[in-house]
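Visitor:
In this note's numbering, the protein residues as written are 26 to 92.
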C-alpha cells in the first residue's frame with residue numbers, strides 16, 4: 026500500500042492534536058481526558074507504524090543541551 030503525503034500529514038496532525046489534548050488534560054487532572062487522549066495516540070501511532078509513517082518525538086527538532 027502506498028502512503029500518500031496527504032495521509033501521512035493527516036496522521037501527523039492527529040498525533041499532534043492528541044498530544045496537545047493529553048497535555049491539557051494532564052494539566053487539569055482530567056482523568057477521562059487523559060485516557061481518551063492516550064487511546065487516540067495509541068491508535069494513531071499504530072496506524073502510522075502500519076503505514077510506515079515516521080513520527081518525530083516531541084521536542085526532537087530542538088537541540089538537546091546537557092550540563
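Beta carbons: idealized from backbone N, C-alpha and C, even for Gly.
1. Measuring straight from C-alpha to C-alpha, what distance separates residue 75 and residue 55?
2. CA-CA distance, residue 57 and residue 66?
3. What residue from 69, 44, 64 has the CA that sits closest to residue 84's CA?
4. Measuring CA to CA, which of 61, 38, 37 is closest to residue 47?
5. How far does the alpha helix (DSSP H) with residue 35 in it reach, from first residue to last?
Guide: On the basis of the coordinates in this document:
1. Going by the C-alpha atoms only, they are around 30 angstroms apart.
2. Near 14 angstroms, if we compare the C-alpha coordinates of residue 66 and residue 57.
3. Looking only at 69, 44, 64, the smallest Cα-Cα distance to residue 84 is reached by 44.
4. Closest in alpha carbon position to residue 47, among 61, 38, 37, is 61.
5. In this chain, the alpha helix (DSSP H) harbouring residue 35 covers 30 to 52.
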